[in-house]
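*Asks:* The numbering of the sequence shown is the working numbering, which starts it at 286 and goes up by one. C-beta atoms are modelled at their ideal positions from N, C-alpha and C, and glycine is treated no differently. After the structure tokens below, expect a handful of questions from me.
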Amino acid sequence: MTRLLVPLLAACLAVLTPLPGFAGPEGPTPDGGKVIVLFRTGTDVSQRDRIVRRAGALPRRHFSSVSATAVDLPSPALRTFLEQDPDVVAVIPDRPVQMHAKPGGKPGGGGSIQVVPAGVQRIGAAPGTLVWTGVGVGVAIVDTGLDFAHADLQPLGLACFTAYTACQDDNGHGTHVGGIVAARNNTRDVVGVAPDAVLHAVKVLDASGSGSDSTVMAGLDWVAQNAESLAIHVVNMSLGRPGTLDDNPALRAIVQALHAQGISVVVSAGNDQTTEVSQQVPATYPEVLAVASTTALTGSNSCRFLPGAIAKDTASWFTTDGVFDTATGSGVTISAPGEDQENVNRGCFIQTVGILSTRLGGGTTRMAGTSMSAPHVTGVVALMWEQALSGSATLAPEDARAAIRGRADRVDAAPLDSPTTSYSFDGEREGVLWAPGALN
286 MTRLLVPLLA
296 ACLAVLTPLP
306 GFAGPEGPTP
316 DGGKVIVLFR
326 TGTDVSQRDR
336 IVRRAGALPR
346 RHFSSVSATA
356 VDLPSPALRT
366 FLEQDPDVVA
376 VIPDRPVQMH
386 AKPGGKPGGG
396 GSIQVVPAGV
406 QRIGAAPGTL
416 VWTGVGVGVA
426 IVDTGLDFAH
436 ADLQPLGLAC
446 FTAYTACQDD
456 NGHGTHVGGI
466 VAARNNTRDV
476 VGVAPDAVLH
486 AVKVLDASGS
496 GSDSTVMAGL
506 DWVAQNAESL
516 AIHVVNMSLG
526 RPGTLDDNPA
536 LRAIVQALHA
546 QGISVVVSAG
556 NDQTTEVSQQ
566 VPATYPEVLA
576 VASTTALTGS
586 NSCRFLPGAI
596 AKDTASWFTT
606 DGVFDTATGS
616 GVTISAPGED
626 QENVNRGCFI
636 QTVGILSTRL
646 GGGTTRMAGT
656 SMSAPHVTGV
666 VALMWEQALS
676 GSATLAPEDA
686 RAAIRGRADR
696 VDAAPLDSPT
706 TSYSFDGERE
716 GVLWAPGALN
């Protein structure tokens with residue numbers, strides 16, 4: 286479903302822009318000196334290292350799940366030397382990647398009486414509602430890291446990965462995402478969808494919420510190598526960039542490797558309402574579960590030009606979306622809350638109220654974006670994995686997707702059209718994530 290946002294008043298234009306932290310349709314320009322070299326299958330690390338150095342380039346990181354190496358090119362001319370090597374399949378720009386939300390919100394505190402966030406309630410996962418809580422299921426949060434000191438995330442999985450110097454979150458985005466998945470049911474702060482799941486920090490984004498294809502690949506490569514020993518069954522990636530299905534075959538190959546291992550990879554669809562999910566990487570990959578954003582609650586309306594309030598289950602004004610292709614598995618799998626609500630003030634500006642979750646440094650804060658939608662789905666997949674393991678079974682990514690899509694709430698009705706926009710209908714309303722249905 287493609288949205289062309291047409292505000293009621295010209296003044297609304299100021300608010301109806303992509304969320305900060307998202308690059309927009311064109312995206313930032315790749316660093317010409319940083320590339321990813323994809324080699325012929327079977328080219329081992331020593332061969333790759335030798336080929337790169339022989340061309341006068343410097344290897345930064347070798348990957349295990351795919352025959353590829355992240356490389357620094359001291360001179361752009363060296364790219365030609367690499368491309369001419371018979372063992373080199375492609376030389377790919379190492380494109381920038383961004384988180385799909387803006388850090389910020391209310392200041393945090395030490396401890397507080399536990400709140401069940403609106404998103405957790407909307408998807409039917411409030412404490413006591415479901416039998417399953419995520420016990421024994423590892424979840425990789427591929428993001429800015431996690432706050433290892435946050436009381437509402439304890440205990441965290443000690444095994445972690447960083448593409449930088451430490452796994453500790455230095456931004457806040459990963460901590461917020463992790464809390465949506467698995468904040469503990471411990472009477473303080475908030476509670477997540479799967480409060481007993483084990484979170485593992487996979488830090489691929491820096492303090493500004495930025496990374497690159499190669500840092501994401503490094504994190505996913507670590508997951509692929511350690512998933513069995515750590516019982517990691519689901520990966521959350523609330524990040525992405527503008528791109529196409531085939532613009533980085535090395536990145537997709539690692540996602541495919543995780544898929545082949547039976548690991549579900551959940552990805553935010555993006556925060557650019559002017560594009561389709563087919564124009565977002567890695568959300569465009571058919572191997573992932575791409576998640577768009579809806580409101581969890583009905584908002585307030587003080588604008589006399591608007592006929593009514595923005596209802597719950599309305600497509601968020603910022604969300605990237607796109608029709609699901611049943612033949613390939615590409616497209617938006619499901620929508621889930623990426624914000625509490627959208628209020629319209631007297632000046633007819635939309636004011637987003639973000640999802641409440643854990644804050645870097647303790648306490649809680651609010652953030653909005655498809656970054657917040659994806660972890661609701663990740664939490665439900667963790668619950669589904671616990672259910673499967675209780676019967677000595679497994680859960681294939683395709684089966685997780687089919688259950689989530691086939692048993693969603695308000696299929697063919699939601700996401701709803703926003704009263705503030707015109708809406709180009711794509712022929713499908715996939716519904717809103719519904720945990721009791723997925724676990725039925």
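#1: Our contact map puts SER620 next to PRO700 with C-beta atoms below 8 Å; I'd like the distance itself, whole angstroms only.
#2: Exposed or buried, THR326, counting other C-beta atoms within 10 Å across all chains shown (16 or more means buried)?
#3: Which word fits ALA355, buried or exposed, when buried means at least 16 other C-beta atoms lie within 10 angstroms of its C-beta?
#4: Which of the three DSSP states is assigned to HIS458 in this structure?
#5: Opposite PHE324 in the DSSP bridges: which residues?
#6: Below 8 Å on the Cβ atoms is my guess for SER703 versus TRP602; work out the distance and round it to an integer in Å.
#7: Report the start-end ranges of each beta strand (DSSP E) in the region 636 to 706 that is 3 residues or longer and not cut off at the edges.
#8: Closest by CA to PRO660, which one among VAL462, GLU683, GLY646 and ASP532?
#9: Thinking just about the alpha-carbon of each residue, which of ILE548, GLN636 and SER585 is nearest to the one in GLU683?
#10: Entirely within the region 473 to 545 and at least 4 residues each: give me those alpha helix (DSSP H) ranges in chain order.
#11: Give a yes or no on whether the C-beta atoms belonging to VAL566 and ALA575 are separated by under 8 Å.
#12: What is the C-beta distance between ILE336 and ASP370, in whole angstroms, given that I count them as a contact (C-beta under 8 Å)?
#13: Express the C-alpha separation of ALA542 and VAL374 in angstroms, rounding to a whole number.
#14: At which residues does the beta strand (DSSP E) containing GLU572 begin and terminate?
#15: Which term fits GLY676, buried or exposed, when burial requires 16 or more other beta carbons within 10 angstroms of its beta carbon?
#16: My parser needs the beta strand (DSSP E) runs of 3 or more residues fully inside the region 390 to 450; what are they?
#17: If you draw a straight line from the alpha carbon of LEU484 to that of ARG589, how long is it in whole angstroms?
#18: At a cut-off of 7 Å, is ASP625 close to the ligand PLP when judged by its beta-carbon and the heavy atoms of the ligand?
#19: Where ARG288 and ASP606 are concerned, what is the direct C-alpha to C-alpha distance, given to the nearest angstrom?
#20: Does the beta-carbon distance from ALA596 to THR604 come in below 8 Å?
#21: So ILE336 is in the beta strand (DSSP E); what residue range does that whole segment cover?
#22: Which residues mark the beginning and the end of the alpha helix (DSSP H) in which PRO721 is found?
#23: On the premise that ALA434 lies in contact with ALA720, defined as a C-beta separation below 8 Å, what is that separation, rounded to the nearest angstrom?
#24: Could you please give the first and the last residue of the uninterrupted alpha helix (DSSP H) stretch that includes ARG364?
#25: Look at VAL638 and ASN628 and say whether their C-beta atoms are less than 8 Å apart.
#26: Considering only C-alpha positions, which residue in the set GLY494, PRO527, VAL487 and SER495 is nearest to ASP506?
#27: Roughly how many whole angstroms lie between the Cα atoms of LEU515 and GLN453?
#28: Tell me whether GLY413 is buried or exposed, calling it buried when 16 or more other Cβ atoms sit within 10 Å of its Cβ.
#29: Ordered along the chain, which non-local residues of its own chain (more than five positions away) have a Cβ less than 8 Å from that of ALA295?
#30: Can you list, in chain order, the residues of its chain with a C-beta nearer than 8 Å to that of ALA667? Leave out the 5 residues immediately preceding and following it.
#31: Looking at the strands, I want to know which residues DSSP matches up with SER601.
#32: Let's see if you can read the secondary structure: which residues bound the beta strand (DSSP E) around GLN626?
#33: When the distance is taken between beta carbons, is LEU641 closer than 8 Å to VAL489?
#34: With a threshold of 7 Å on Cβ separation, who are the neighbours of ALA698 within its own chain once the five nearest residues in sequence on each side are excluded?
#35: May I ask you to report which of helix, strand or coil DSSP gives GLY623?
#36: Taking VAL405 as the reference, give the member of GLY616, MET657 and GLU671 with the closest Cα.
*Replies:* From the atom records:
#1: 5 Å
#2: exposed
#3: buried
#4: helix
#5: VAL373
#6: 6 Å
#7: 640 to 643 and 649 to 652
#8: VAL462
#9: ILE548
#10: 498 to 515 and 534 to 545
#11: no
#12: 5 Å
#13: 18 Å
#14: That residue, GLU572, is in no beta strand (DSSP E); it is neither H nor E in DSSP.
#15: exposed
#16: 423 to 428
#17: 46 Å
#18: The model on display carries no ligand, and the ligand PLP is accordingly not part of it.
#19: The predicted model places ARG288 with a pLDDT of 37, which falls under 50 and marks its position as unreliable; any figure quoted below should be read in that light. Spanning the two alpha carbons is a distance of roughly 8 Å.
#20: no
#21: Not the beta strand (DSSP E): ILE336 falls in the alpha helix (DSSP H), residues 330 to 339.
#22: 720 to 723
#23: Not really, about 29 Å apart at Cβ, beyond 8 Å.
#24: 363 to 368
#25: yes
#26: VAL487
#27: 19 Å
#28: exposed
#29: Because the pLDDT at ALA295 is just 27, under 50, the model does not fix this residue reliably, and the point stays unresolved.
#30: GLY419, VAL422, VAL424, VAL466, ALA467, VAL478, ALA479, ALA482, HIS518 and VAL519
#31: According to DSSP, SER601 bridges with nothing at all.
#32: 626 to 629
#33: no
#34: ARG714
#35: strand
#36: MET657
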